[in-house]
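Colleague: Sending over a structure as structure tokens; questions will come in a sec.
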Amino acid sequence: MLKKDSFSIDSFFGEGIQLKGVLKTTGIVRLDGKFEGEIESQNTFILGKTGRAEAKIKTKNLLNYGHVKGNVEAGEKVALFENSLMDGNIQAANLMIQEGARFEGKSTMTAMAPAPAGQEGILLESMSRLGTQPITEVETGFASMEAKRNKAKDFLRKQLKKPNSKYIFSAVLIIFLAGLLYPVARSGGKLSGGNPFSLIFGDPVKLVESGNQLLASGDLEQALAKFNKAIDIDKEVPEAYFGRARVYLEKGDKEQAMLEFQNLVTLSPMHAEGYRYMGKIYYERGDIDKALKEYGRAVNIDPNNIAAHIGLSTVHEYNKNWDEFLKEIKSVLSVDPNNLSANEKLWKWHMDHGNNKNAMEILRKIVEIDPRNAQSHMALGTLLEKENDPKGAMKYYETVATLEAANMEAHERLARIYFGMREKDLALKEYEKIVALNGGSHATYRNMGELYLSKNSVDEAESSFKKAVQLDTNDIKSAWGLGEAYVKKGNIPKALEQYEAVLQMNSNYLPALLSLAQIYSEKKDYNKAGEYLKTIVKIDPKSIPARIQLGNALMENNRYDDAINELKAAVSLDSKNEETHMGLCAAYAKKFWLVPAIKSCEEAIAINPNHHAALNRLAWLYAKKGVSLDQGIEYSQKSLNLKPNTPEYLDTLSELYFAKGDSAKAVQYSREALSLEKDNPYFKQQLAKFSKTGPTAQ
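Spelled out as structure tokens, the structure:
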């Protein structure tokens, strides 16, 4: 059940309570039980739907939803609501009888408003001409009322023939009074819409209905006119004030709206929606205590008012009163498990408190309830990414992109995920959509450049990087990427120029330093390459690629001990990196330290069994050491399967067979190597050695 709090009613006697005696109170009293005796209230007495009162009641206001047996004297108003019973006489200034209510008795209107100044004599004269007393009672007899109405008509016809304005006024007033009372008698004592003036000026209930329709359609001015007219006819129609308040809310005039809601709850103290809206306005003003009070009144009056419970949960959320917050949310979900507002608040609470799995479970429920809720799909994708499930997130981002084709965030997230997954074509497609939607940012073009570069679409890569640099001249990553595009195109001078421009932006930018080192290594300018690599290691001592390349450069300069030290440092930084072990293996081999070389190559293969260069190097070492020759042949053949027709690998296989004493196979593989590089003097020498036919053997 939804939670009930006691906020608005001073005294409350619930269903099942039975009382007898005299009840006196100065506050608002609600009775849902049974009472017998006398009731005196200086404020409002409310008899609920289950309430039964067999009593003489004297009060300021009576709101009857239940059954009353006894006479009622009210200083201001008596309201008989649908399905209520009033068995007794009523004396009140105002009486409202809703359709479906039963009234068995006599009603006397007290404190009748005086006639306008100067017209009292006319009013009395008009009544005396009809042979009646001033009207102070409404009787339930139909015949007497119809007779008065007919008598008034006859009198009007006679008076209209006379040019005396006094008589004309009297006639109109009499017709007005007779018309006022006739429908009451005709309906058995019920007033249409709670106001008999509706027959002359219009029905305020219908005006309110029309105003509500206009409000729903967005025609605020016409809606306001209808509500105003209803209030002009009858200032005690609560729903007219409710409608007017909502019009002012739509217009953004919260101050006037608040005044109208206050008028509403003054007329109708049990109007839960009025209190709810007041709570909402107070909350938006930042008056949290008043918001809490008004929302509380709303749920007290109507425990099943879901919107009021949601509002109350919002206040508790603001106060970080999480126990009360959860109570309100769970109360709503117990009645309406699919309530989107409650479910959305709950998943956010779980996320904020680190319960991502619970949050995702609720979000999955929300997207089942409302499959077109793009915001929830996006939120679910976000949480899945946080849980390291980009593929799962991708599904929800794709849904958002389908629901909202112009949703930039969805396309950007999809592009990022595809980019990370190396789904190049899909990523490029998303980036192209982003460019079509908003022209793209420098980051968009930079990522496109990287993707094009990885696809060897060099011209497109160059164009994308140039666009990125144009959009942001400080985008150093794009500036470096442009240099990479020049390298791919074989335009080394342009690449060197671009990398130097990058170093002008940041002299310690590692990717540019590494690219320059690679270019000079390929140009066999190992001294220049070494300078850049030493700079990198100085900036970033943990840079494994730089240490490996520096080790290789030192080896090429025949500085084997320095190379070994550099590569040992790389291994100590990352013992799980096969390239560090492979580099160290090569350095040991250069010094012909075969045992440590073999160990390093074996460690490289243990990390990556398909490292073809390590397989070939280890097989060659086995051949030179004369050990594990069969294992060496197996490794050599595997390296050739991984990288077929590699002359160096064929030469290794020939060395292994030669070491085993199988000269025929040694010659066979040596000839294959020479056929791939016919002018290679080393391969010619090898073939001569294996065939013993001299260095010029073909």
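Following our numbering, the numbering of the sequence shown begins with 100 at its first residue and continues without gaps.
Backbone N, C-alpha and C fix where the C-beta goes; we use that ideal spot for every residue, glycine too.
Since the structure is predicted, the reported quantities are computational estimates derived from the model, not experimental observations.
1. Using C-beta distances below 8 Å, list every residue in its chain close to Tyr496, excluding the 5 sequence neighbours before and after it, in chain order.
2. Would Leu122 and Gly113 be called neighbours here (beta carbons separated by less than 9 Å)?
3. Should Leu462 be labelled buried (16 or more other beta-carbon atoms within 10 Å of its own) or exposed?
4. Whose C-alpha, out of Lys724, Leu666 and Gly491, is nearest the C-alpha of Thr679?
5. As a quick exercise: from Val670, Met654 and Glu621, pick the residue whose alpha carbon is nearest that of Pro644.
6. Using three-state DSSP, classify Ala371 as helix, strand or coil.
7. Output needed for Ala371: all residues of its chain with C-beta closer than 7 Å, excluding positions within five of it in sequence on either side, in chain order.
8. Any heavy atom of the ligand SAH closer than 8 Å to the Cβ of Met369?
9. Is Ala584 near Glu561, with beta carbons less than 9 Å apart?
10. DSSP three-state label for Asn160, please.
11. Going by CA-CA distance only, name the one from Ile704, Leu649 and Val171 that's closest to Gln190.
12. According to DSSP, simplified to helix, strand and coil, what is Val568?
13. Classify Ser553: buried if its beta carbon has 16 or more other beta carbons within 10 angstroms, exposed otherwise.
14. List in chain order: all unbroken alpha helix (DSSP H) runs of 4+ residues lying wholly within the region 332-417.
15. For Lys325, which residues in the same chain have their Cβ closer than 6 Å to its Cβ, ignoring the five residues on either side in sequence?
16. The alpha helix (DSSP H) with Gln190 in it runs from where to where?
17. Taking a contact to mean a Cβ-Cβ separation below 9 Å, would you say Lys698 touches Leu714 in this structure?
18. Rounded to the nearest angstrom, what separates Leu720 and Ala696 at their Cα positions?
19. Taking the alpha-carbon positions, what's the Leu672 to Ile663 distance?
20. Provide the residue(s) that pair with Thr124 in DSSP beta bridges, ordered along the chain.
21. To the nearest angstrom, how far is the alpha carbon of Ala578 from that of Leu752?
22. Given this structure, state the Cα-to-Cα distance separating Leu609 from Ile638, to the nearest angstrom.
23. For Gln62, does the three-state DSSP call read helix, strand or coil?
24. Can you tell me whether Met185 is helix, strand or coil according to DSSP?
25. Out of Lys176, Gly378 and Ile465, point me to the one whose CA is closest to His336's CA.
26. For Ala712 and Met681, I'd like the C-alpha separation in whole angstroms.
27. Would you please state the rounded distance, in angstroms, between the beta carbons of Leu502 and Ala492? I believe it to be under 8 Å.
28. Pairing CB atoms from the region 569-578 with CB atoms from the region 536-548, are three or more of them under 8 Å?
29. Whose C-beta lies closer than 6 Å to the C-beta of Lys133 among residues of the same chain, with five residues either side of it excluded?
30. State the Cα-Cα distance for the pair Glu181 and Gly147, rounded to the nearest angstrom.
31. Name the two residues that bound the continuous alpha helix (DSSP H) containing Glu427.
32. Buried or exposed, going by whether 16 or more other CB atoms sit within 10 Å of the CB of Ala504?
33. Taking 6 Å as the limit between beta carbons, can you name the residues of its chain near Lys157, skipping five residues before and five after?
34. Tell me whether Pro174 sits in a helix, a strand or coil according to DSSP, three-state version.
35. Among Met459, Asn327 and Thr498, which has the Cα closest to the Cα of Glu485?
36. Under 6 Å Cβ to Cβ from Leu739, same chain only, skipping five residues before and after it: list those, please.
Modeller: The relevant details are as follows:
1. The residue given as residue 496 occupies position 397 in the sequence shown. Excluding sequence neighbours, Tyr496 sits near His476, Met477, Gly480, Ala509, Arg512, Leu513 and Ile516.
2. As a working note, residue 122 is residue 23 in the sequence shown. As a working note, residue 113 is residue 14 in the sequence shown. Judged by beta-carbon spacing, Gly113 lies beyond the 9 Å limit of Leu122, meaning their Cβ atoms are not closer than that value.
3. As a first step, residue 462 is located in the sequence shown; it is residue number 363 there, counting from the start. Classification for Leu462: buried.
4. Numbered from its first residue, the sequence shown carries residue 679 at position 580. Ranking Lys724, Leu666 and Gly491 by CA distance to the CA of Thr679 puts Leu666 first.
5. Walking along the sequence shown from the start, residue 644 turns up at place 545. Answer by Cα proximity: Val670.
6. Walking along the sequence shown from the start, residue 371 turns up at place 272. Three-state result, Ala371: helix.
7. As a position in the sequence shown, residue 371 is number 272, starting the count at 1. Result list for Ala371: Ala397, Ile400, Asp401, Asn404 and Ala407, in chain order.
8. The ligand SAH is not part of the structure shown, which contains no ligands of any sort.
9. On the sequence shown, position 485 is the one that residue 584 refers to. On the sequence shown, position 462 is the one that residue 561 refers to. Between Ala584 and Glu561, the CB-CB gap stays under 9 Å.
10. In the sequence shown, residue 160 corresponds to position 61, counting from 1. Here Asn160 sits in strand by DSSP.
11. As a working note, residue 190 is residue 91 in the sequence shown. Taking only the C-alpha atoms, the option nearest Gln190 is Val171.
12. Residue mapping note: residue 568 aligns to position 469 of the sequence shown, counting from 1. Note: Val568 maps to helix in three-state DSSP.
13. Reading the sequence shown from its first residue, position 454 is the one you call residue 553. Exposed: under 16 other Cβ atoms inside 10 Å.
14. Secondary structure within the region 332-417: the alpha helix (DSSP H) runs of 4 or more consecutive residues, fully enclosed, are 337-350, 353-366, 371-384, 387-400 and 405-417 (chain order).
15. Position 226 of the sequence shown, counted from the start, is the residue given in the question as residue 325. Take Lys325, set aside five residues on each side of it, and the residues of its chain with a beta-carbon closer than 6 Å to its own are Leu306, Ser309 and Gly310, in chain order.
16. Here residue 190 corresponds to residue number 91 of the sequence shown, with the count starting at 1. That residue, Gln190, is in no alpha helix (DSSP H); its beta strand (DSSP E) goes Ile189 to Ala191.
17. As a first step, residue 698 must be located in the sequence shown, where it is residue number 599. As a first step, residue 714 must be located in the sequence shown, where it is residue number 615. Taking C-beta atoms as the reference points, Lys698 and Leu714 fail to come closer than 9 Å.
18. The residue you call residue 720 lines up with position 621 of the sequence shown. The residue you call residue 696 lines up with position 597 of the sequence shown. Taking the Cα positions, Leu720 is about 8 Å away from Ala696.
19. One-based indexing of the sequence shown puts residue 672 at position 573. One-based indexing of the sequence shown puts residue 663 at position 564. If I take the Cα positions, the gap works out to 14 Å.
20. Counting from one through the sequence shown, the residue named residue 124 turns up at place 25. Bridge pairing for Thr124: Ser140 [DSSP].
21. Walking along the sequence shown from the start, residue 578 turns up at place 479. Walking along the sequence shown from the start, residue 752 turns up at place 653. Using only the alpha carbons, I get a separation of about 45 Å.
22. In the sequence shown, counting from the first residue as 1, residue 609 sits at position 510. In the sequence shown, counting from the first residue as 1, residue 638 sits at position 539. Taking the Cα positions, Leu609 is about 8 Å away from Ile638.
23. Only positions 100 to 797 of the chain appear in this structure, which leaves residue 62 out of reach.
24. As a first step, residue 185 is located in the sequence shown; it is residue number 86 there, counting from the start. It is a strand residue.
25. In the sequence shown, the residue the question calls residue 336 occupies position 237. The displayed chain sequence assigns Val, not His, to residue 336. If we check each option's Cα against that of Val336, Lys176 comes out closest.
26. For the purposes of this step, residue 712 is taken as residue 613 along the sequence shown, with counting starting at 1. For the purposes of this step, residue 681 is taken as residue 582 along the sequence shown, with counting starting at 1. Their backbone Cα atoms lie some 8 Å apart in a straight line.
27. Translated into positions along the sequence shown, residue 502 becomes position 403. Translated into positions along the sequence shown, residue 492 becomes position 393. Separation of the CB atoms of Leu502 and Ala492 is rounded to 16 Å, and the pair is thereby denied contact status at 8 Å.
28. Enough Cβ pairs lie closer than 8 Å, so yes.
29. To locate residue 133, count along the sequence shown from 1; it is residue 34. Same-chain partners within the cutoff: Gln117 and Arg151.
30. As a working mapping, residue 181 is identified with position 82 in the sequence shown. As a working mapping, residue 147 is identified with position 48 in the sequence shown. Going by the C-alpha atoms only, they are around 12 Å apart.
31. Within the sequence shown, numbered from 1, the residue matching residue 427 stands at position 328. First-last of the alpha helix (DSSP H) with Glu427: Trp421 to Val434.
32. Counting from 1 along the sequence shown, the entry for residue 504 is found at position 405. So Ala504 counts as exposed.
33. As a working note, residue 157 is residue 58 in the sequence shown. Contacts found: Glu139 and Glu172.
34. One-based indexing of the sequence shown puts residue 174 at position 75. Here residue 174 is Gly; the residue named in the question, Pro, does not match the sequence. Per DSSP, reduced to three states, the secondary structure at Gly174 is strand.
35. The residue given as residue 485 occupies position 386 in the sequence shown. Checking the sequence, you will find Lys at residue 485 rather than Glu. For the residues Met459, Asn327 and Thr498, the minimum Cα distance to Lys485 belongs to Met459.
36. Here residue 739 refers to the residue found at position 640 of the sequence shown. Closer than 6 Å at the Cβ level, and outside the excluded window around Leu739, lie Tyr748.
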